[in-house]
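For the protein sequence lines, the chains are A and B, in the order given. Sequential numbering of the first sequence, starting at 1, is according to this note's numbering. Sequential numbering of the second sequence, starting at 1001, is according to this note's numbering. One structure is given here, and the rest of the page talks about it.
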Amino acid sequence: MGWLNAVIQGVLLGGLYALFAAGLSLMFGVMRIVNLAHGDLGVVAAFLALALVSGTGLPLWIVLVVTVPLFALLGYLTQRVLLQRSLGAGPLATLLVTFGLSIVLQNVLLEVFSADTRTLDGGSFATGSFKVSDSISVGYLSAVTFLLACGALIGIQVFLSRTGLGRMLRASSDDQETASLMGADSRHVYGIATAIAFATVALAGLMFAIRSSFDPAIGPSRLIFAFEAVVIGGLGSLWGTLIGGMVLGITQSLGAQIDPALTLLAGHLVFLAVLAFRPQGLLTGRTA
Amino acid sequence: MTLLSVRDLTVHHGQLRAVDGLSLDVAKGEVLAIIGANGAGKSTLLRALAGLNPPTSGSVRLDGRDITRLPAHKRVAEGIALVPEGRRLFRSLTVEENLLAGTYRRRPGPWTVAAVHELFPWMADRRGQNASQLSGGEQQAVAIGRALLSNPDLLLIDELSLGLAPVIVRRIYEILPDIVGAGTTALIVEQDVSQAMRVADHVHCLLEGRSVLRGRPADLTAEQVEHAYFGIGAAPSTATGTETALTGQEGHD
């Protein structure tokens, strides 16, 4: 039964990976931007929440509710002010801008919060669990994280497939010039895509922060999980990203069941295997 | 009444002066066809009218409003829609979603998804299909429907017949009167001269970015068109003489 437990924990963890990777996938799908600062943005959200909790004394859940929309706004502005300018100069320019942003964010965090390792204190919610059967118990945090991740991904999917603006996001991803012939201002469309990406990465970053410790330099090592989820699932596909996150989560969890030291290595090996034998990802065809 | 008025429009395509000091007028409710050989500047002209290529100089007025410097996405609200060369459907969207994309900045008017389905009855049955699975002619029909759904005053169609079987082209042209009848003015770029002469109220022949011949199809002889099309026997400057003569004939415009 230990194995079944490992799979269940892996699925729950996979939901978080998928949520974390969704923004990376969306920004690549719509704008062809590979956001190297993606991991750091999640860490920034965690530190922001930490500062808010200790500064205002507000309960954690209110801080979460404030931080996520704030990041959406921040994402829209980042796209309009920073990334839009570099888009015209080609893919290398945007890559360098996001790389620069990553370094700047890490250094600002180091300056403001020092290099100490922190955690967001979730109290009994973070440590409590309920028993499903004798050998399987599910943590409240894991379960809620998973539900939030699924809710966010379903929300994005409904937005993309049912609303006019969401349709324009997908249309712009196919052919930006023709989308402008339909009246879509690409700057606004791109701003919306980045806003969604920032909001989801903030939510995922906060969940990571309650789950495990973080420090200003941990962003890039988180980013690798997002990349792996996206590549395993297939570039630019939201459902692919969900599957990629699940595969990664389950693999890590099963790896840990064999030997705790194998956790990360097992995930990386699956990632390499997908790259070698199915480079287009498990799911092909773009939806976003 | 003049809907579109273009004056001394020059548009560069890279280093090339693709449209060179071109002037033309399109009256409300008419079909104007632009003909000309490959590289005559027809597509660049249409892209400039839609706002995709910024003009170097000159002016474009729609219904009296100056839209010369307006970006493409704002021209939709002004009443211009372009059916781009090569159809350019959104590949990952379904037929229905492609049509709905056309309603993003919808203006008030007669065109709805239901009205487009009436124009092309097969579309209703295949609404859930992916746009990339359609044949060339079907894609062209969806592209026209998508453009109509913004309810434009001026519909620009670039190379409608390119890569399509003649029978398909004829079928698509058969619906053009319905579109114009609903109150839309059409400016079409067509490589197939005889097709253009059949459907248009006026034709303009472009050569190296200049208008070398213009007039009603009935008033032009095949020889005149052929010479203008290939630039035979007359440098563009001489051909301008023909143009003036013909403009004289159509004084009632």
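Backbone N, C-alpha and C fix where the C-beta goes; we use that ideal spot for every residue, glycine too.
Requested in this report: Kindly say whether Phe-271(A), judged by its beta-carbon, lies nearer than 9 Å to any beta-carbon of chain B.
Outcome: Answer no: the Cβ-Cβ gap between Phe-271(A) and chain B never drops below 9 Å.
Requested in this report: Indicate the three-state DSSP secondary structure (helix, strand or coil) for Ala-1040(B) in the structure shown.
Outcome: In the structure shown, Ala-1040(B) sits in coil (DSSP, three-state: anything other than H, G, I, E or B).
Requested in this report: Compare the C-beta of Thr-1002(B) against all C-beta atoms of chain A and say whether one is closer than 9 Å.
Outcome: No, because no Cβ of chain A sits closer than 9 Å to the Cβ of Thr-1002(B).
Requested in this report: Could you give the DSSP three-state label for Asp-1020(B): helix, strand or coil?
Outcome: Asp-1020(B) falls in the strand class under three-state DSSP.
Query raised in the report: Does Gly-1181(B) come within less than 9 Å of chain A when only Cβ atoms are used?
Result: No, Gly-1181(B) does not count as interfacial toward chain A.
Query raised in the report: Who are the neighbours of Leu-1052(B) on chain A, taking C-beta pairs under 9 Å?
Result: The answer, in chain order, is Glu-177, Ser-180, Leu-181.
Query raised in the report: In chain A, which residues lie with their C-beta within 8 Å of the C-beta of Val-1076(B)?
Result: In chain order: Leu-181, Met-182, Gly-183.
Query raised in the report: Opposite Leu-1082(B) in the DSSP bridges: which residues?
Result: Bridge partners of Leu-1082(B) according to DSSP: Leu-1156(B).
Requested in this report: For Val-1026(B), write down the residues that DSSP places opposite it in a beta bridge.
Outcome: Leu-1004(B), per the DSSP bridge assignment.
Query raised in the report: Under a Cβ-count criterion, where at least 16 other Cβ atoms within 10 Å of its own Cβ denotes burial, should Val-231(A) be classed as buried or exposed?
Result: Burial check for Val-231(A): the Cβ neighbour count within 10 Å reaches 16 or more, so the residue is buried.
Report task. Return helix, strand or coil for Gly-1241(B), following the three-state DSSP convention. Result -> Because Gly-1241(B) carries a pLDDT of 42, less than 50, the predicted location of this residue cannot be relied on, and the following value inherits that uncertainty. DSSP places Gly-1241(B) in helix when its eight states are reduced to three.
Report task. Could you say if the segment 1099-1108 of chain B and the segment 211-218 of chain A meet the contact criterion of at least three C-beta pairs nearer than 8 Å? Result -> Flag = no, the segment 1099-1108 of chain B and the segment 211-218 of chain A do not touch.
Query - According to DSSP, residues forming a beta bridge with Lys-131(A) - result: In the DSSP output, where bridge partners are listed per residue, Lys-131(A) has Ser-137(A).
Query raised in the report: Going by DSSP, what residues sit across from Asn-1130(B) in a beta bridge?
Result: Per DSSP, Thr-1094(B).
Report task. Would you be able to state if there are at least three C-beta pairs under 8 Å between the segment 1222-1231 of chain B and the segment 1054-1069 of chain B? Result -> Here the segment 1054-1069 of chain B makes no contact with the segment 1222-1231 of chain B; the two share fewer than three CB pairs at distances below 8 Å.
Query raised in the report: Near Gln-1139(B), what residues of its chain come up, given a Cβ to Cβ distance below 8 Å and the 5 sequence neighbours on each side ignored?
Result: Cβ contact annotation for Gln-1139(B) (same chain, cutoff 8 Å, sequence separation greater than five): Arg-1087, Leu-1089, Ala-1131, in chain order.
Query raised in the report: Going by alpha carbons, who is nearest to Leu-238(A) out of Val-274(A), Arg-170(A), Ile-218(A), Phe-208(A)?
Result: Of the candidates Val-274(A), Arg-170(A), Ile-218(A), Phe-208(A), the one whose C-alpha sits nearest the C-alpha of Leu-238(A) is Arg-170(A).
Query raised in the report: Got a sec? Which residues, its chain only, sit under 7 Å from Ala-1147(B) by beta carbon, not counting five neighbours each side?
Result: Setting aside the 5 residues that flank it on each side, Ala-1147(B) is surrounded in the same chain by Ala-1081, Leu-1082, Val-1083, Gly-1102, Leu-1155, each with a C-beta closer than 7 Å to its C-beta; the list follows chain order.
Query raised in the report: Closest to Phe-28(A) by CA distance: which of Pro-91(A), Phe-277(A), Val-144(A) is it?
Result: It is Pro-91(A).
Query raised in the report: Can you give the Cα-Cα distance for Tyr-1173(B) and Gly-1051(B), rounded to whole angstroms?
Result: Distance between the alpha carbons of Tyr-1173(B) and Gly-1051(B) is about 25 Å.
**Report entry** Interface flag, His-1012(B) vs chain A, CB-CB below 9 Å
**Finding:** It does not: the Cβ of His-1012(B) has no partner Cβ on chain A nearer than 9 Å.
Query raised in the report: Counting only beta-carbon atoms, is Arg-1173(B) nearer than 9 Å to chain A?
Result: In the sequence as presented, Arg is not what sits at residue 1173(B); that position holds Tyr. So, not an interface residue.
Report task. Spell out whether any CB of chain B is found under 9 Å from the CB atom of Gly-23(A). Result -> Closer than 9 Å: no.
**Report entry** As assigned by DSSP and simplified to three states, the class of Gly-1181(B)
**Finding:** Here DSSP, grouped into helix, strand and coil, assigns Gly-1181(B) to helix.
**Report entry** Terminal residues of the alpha helix (DSSP H) in which Leu-242(A) lies
**Finding:** Looking at the DSSP string, the run of the alpha helix (DSSP H) that includes Leu-242(A) is 238-258.
**Report entry** C-alpha distance - Thr-163(A) paired with Ala-1037(B), whole-angstrom precision
**Finding:** Straight through space, the alpha carbons of Ala-1037(B) and Thr-163(A) are spaced by roughly 42 Å.
**Report entry** For Leu-1024(B) and Ala-1143(B), the rounded distance between their alpha carbons
**Finding:** Take the alpha-carbon of Ala-1143(B) and the one of Leu-1024(B): they are about 26 Å apart.
Report task. Please state whether DSSP places Ala-89(A) in a helix, a strand or coil. Result -> Coil at Ala-89(A), not helix or strand.
Query raised in the report: Can the beta-carbon of Pro-220(A) be found closer than 9 Å to that of Leu-109(A)?
Result: No Cβ-Cβ contact shorter than 9 Å links Pro-220(A) with Leu-109(A).
Requested in this report: List the DSSP bridge partners of Gly-1215(B).
Outcome: Bridge partners of Gly-1215(B): Val-1203(B).
Query raised in the report: What residue from Gln-252(A), Ala-204(A), Val-132(A), Tyr-190(A) has the CA that sits closest to Gln-79(A)'s CA?
Result: Checked all of Gln-252(A), Ala-204(A), Val-132(A), Tyr-190(A); the closest Cα to Gln-79(A) is Tyr-190(A).
Query - Leu-105(A), buried or exposed, once every other Cβ within 10 Å from all chains shown has been counted against 16 - result: Label assigned to Leu-105(A): buried.
Query raised in the report: Since Leu-206(A) and Ala-72(A) are thought to touch, with beta carbons under 8 Å apart, how far apart are those beta carbons, to the nearest angstrom?
Result: Not a contact, Cβ separation roughly 14 Å.
Query - Residue span of the alpha helix (DSSP H) that contains Gly-15(A), given as start and end - result: Element bounds for Gly-15(A): 2-31.
Report task. Check whether the Cβ atoms of Ile-1157(B) and Ala-1186(B) sit closer than 9 Å, and answer yes or no. Result -> A contact, by the Cβ cut-off of 9 Å.
Query - CB contact check: Met-168(A) to chain B, cutoff 9 Å - result: Yes, Met-168(A) lies at the interface with chain B (some Cβ there is under 9 Å from its Cβ).
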